[in-house]
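Mapping the sequence shown onto UniProt numbering, position 24 (from 1) lands on 24, and the numbers just tick up by one. C-beta atoms are modelled at their ideal positions from N, C-alpha and C, and glycine is treated no differently. Here the structure is a predicted model, which is why all the values come from computation and not from measurement.
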Amino acid sequence: MLSISPIAPLYLAPVIKEKLNMTTIFEEEDGNVKTVPATILCVKKGGNMVTDKRWPEKHGHYSVQVGYERYEPNKYERSGKRALQIQRLARNECPPLRKIKDFRVRPQDWEKWEVGQKIWPSDLFKEGDIVDIHGWAKGKGFAGRIKRWGGKRGPMGHGSKHHRREGSIGAARPKRVLPRKKRAGWIGPLAQDNMPESIIVVKGSVPGYTAHWESGGSYVWLHPAKNRSDGRFKRDPVWLWYYHKGESADPLTPIPEKAWTWKTMWGRDVRWITAEVKKYWPDGFPGYDHIMDRSGVECSSCTGLTV
1 MLSISPIAPL YLAPVIKEKL NMTTIFEEED GNVKTVPATI LCVKKGGNMV
51 TDKRWPEKHG HYSVQVGYER YEPNKYERSG KRALQIQRLA RNECPPLRKI
101 KDFRVRPQDW EKWEVGQKIW PSDLFKEGDI VDIHGWAKGK GFAGRIKRWG
151 GKRGPMGHGS KHHRREGSIG AARPKRVLPR KKRAGWIGPL AQDNMPESII
201 VVKGSVPGYT AHWESGGSYV WLHPAKNRSD GRFKRDPVWL WYYHKGESAD
251 PLTPIPEKAW TWKTMWGRDV RWITAEVKKY WPDGFPGYDH IMDRSGVECS
301 SCTGLTV
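Here it is as structure tokens:
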């Protein structure tokens, strides 16, 4: 028989917030007081809501879809592409929401969430927790190559005319600029009842705009910090193996010289490819035999084995 070790998904706890402002807090340590930069994050009235759930048999992974910021869509949103999202939310008895994001979760955590359930930050975080925060940096406008990509400048004296100018951008052949060439351009994103329902203060800075306007600050999403020592990011020493058929045979004992250890393709673990196939083609990759029970199919190259 052929067996494949599953790939561990990314486990996150779902919550979306907005950046309100930055501040300074004072901490006392060994009789000394020091200033610590901090960022205030808030949740608008209505909070976060579970809008959908995904599972491996249909979608290839466990995840929870979370929506944030209720609003009243205009007539154009009710008739355009945005209407599809509004209709999906309506089928799950959820109001229109501006921000929707999928969060991968553990199977045991997946069972705790129900569609329509409200998510409170106090259910996920407590004072002193270390969290990972993700967001878009605020726009800095059109910038040169040095500021945008951290390139080096030319000599500043002796008549140099290339102080902060760009150097060569291509060779004589193929007589064109190749894609992904690091050049000057825009940095950051283009310009994008607000009473907060809950507020959380995190130590350090957070990317994005502060809430200087009525539209509020930049959206960010956060989760408990990943603990890479708990084994979830470790690859199994053996990921594919053959084992003998039979009721008394142990499926976890490979046949000698019929086990494969770590393998990569273009720098990625090959099990990542299996996860991507299950994500986009839950019923199997098109054009292949998708028989799940292959216990009766004999392998032509291995006598007494099945694949």
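- Between alanine 38 and valine 202, the C-beta spacing is below 9 Å.
- In this structure, the alpha-carbon of serine 160 lies about 27 Å from that of lysine 175.
- In this structure, DSSP gives histidine 162 a state outside helix and strand, which the three-state scheme calls coil.
- Between alanine 143 and glycine 185, the C-beta spacing is below 9 Å.
- Taken through DSSP and simplified to helix, strand or coil, serine 63 comes out as strand.
- Here the alpha carbons of leucine 240 and lysine 258 stand approximately 9 Å from one another.
- In the three-state scheme derived from DSSP, where H, G and I count as helix and E and B as strand, glutamate 57 is classed as helix.
- Inclusion of valine 15 and proline 121 in the CB contact set at 9 Å is warranted, their separation being smaller than that value.
- Taking arginine 106 as reference, the option from Tyr62, Trp113 and Gly151 with the minimal CA-CA separation is Tyr62.
- Spatial neighbours of arginine 145 in its own chain (CB-CB distance under 7 Å, excluding positions within 5 residues in sequence) are listed in chain order as Gly151, Glu166, Lys182, Arg183 and Ala184.
- Taking the C-beta atoms as reference points, histidine 134 is found nearer than 9 Å to leucine 222.
- Only residues of its own chain outside the window of five on either side were considered, and among them Gly135 and Ala137 have a CB closer than 6 Å to the CB of proline 207, listed in chain order.
- Residue Gln85 holds the alpha-carbon nearest to the alpha-carbon of glycine 67 among Asp283, Gln85, Ala275 and Gly154.
- In this structure glutamate 72 is not in contact with glycine 46, their Cβ atoms being roughly 12 Å apart against a cut-off of 8 Å.
- Its chain contains Thr35, Val36, Pro37 and Ala38 as the residues whose beta carbon lies nearer than 8 Å to that of threonine 24, once the 5 sequence neighbours on both sides are disregarded; these appear in chain order.
- Arginine 106 carries a coil assignment under DSSP once its states are collapsed to helix, strand and coil.
- Alanine 211 is positioned such that its CB atom lies closer than 9 Å to that of cysteine 42.
- Pairing isoleucine 199 with glutamate 27, the inter-Cα distance amounts to about 20 Å.
- Going by beta carbons, isoleucine 187 and lysine 118 fall outside the 9 Å limit.
- For phenylalanine 142, DSSP records a beta bridge to Trp186.
- Taking 4 residues as the shortest admissible run, the stretch 68-99 contains the following complete alpha helix (DSSP H) segments, listed from N- to C-terminal end: 82-91.
- Under the DSSP assignment, tyrosine 219 falls in the beta strand (DSSP E) whose first and last residues are 219-224.
- In chain order, Lys278, Lys279 and Pro282 place their CB closer than 6 Å to the CB of glycine 60, counting only its own chain and leaving out the 5 sequence neighbours on each side.
- Here the alpha carbons of tryptophan 272 and leucine 252 stand approximately 22 Å from one another.
- In this structure glutamine 87 is exposed. Its beta-carbon is surrounded by fewer than 16 other beta-carbon atoms within 10 angstroms.
- Taking the CA atoms as reference points, lysine 112 sits about 15 Å from asparagine 48.
- In the three-state DSSP reduction, aspartate 123 falls in the helix class (H, G or I).
- The beta-bridge partner set that DSSP reports for lysine 34 consists of Glu27.
- Non-local C-beta neighbours of methionine 22 in its own chain, meaning closer than 6 Å and more than five positions away in sequence, comprise Thr39, ordered along the chain.
- Looking only at Val115, Lys17, Tyr242 and Pro224, the smallest Cα-Cα distance to aspartate 132 is reached by Pro224.
- With contacts defined by Cβ atoms closer than 9 Å, glutamate 18 and glycine 217 form a contacting pair.
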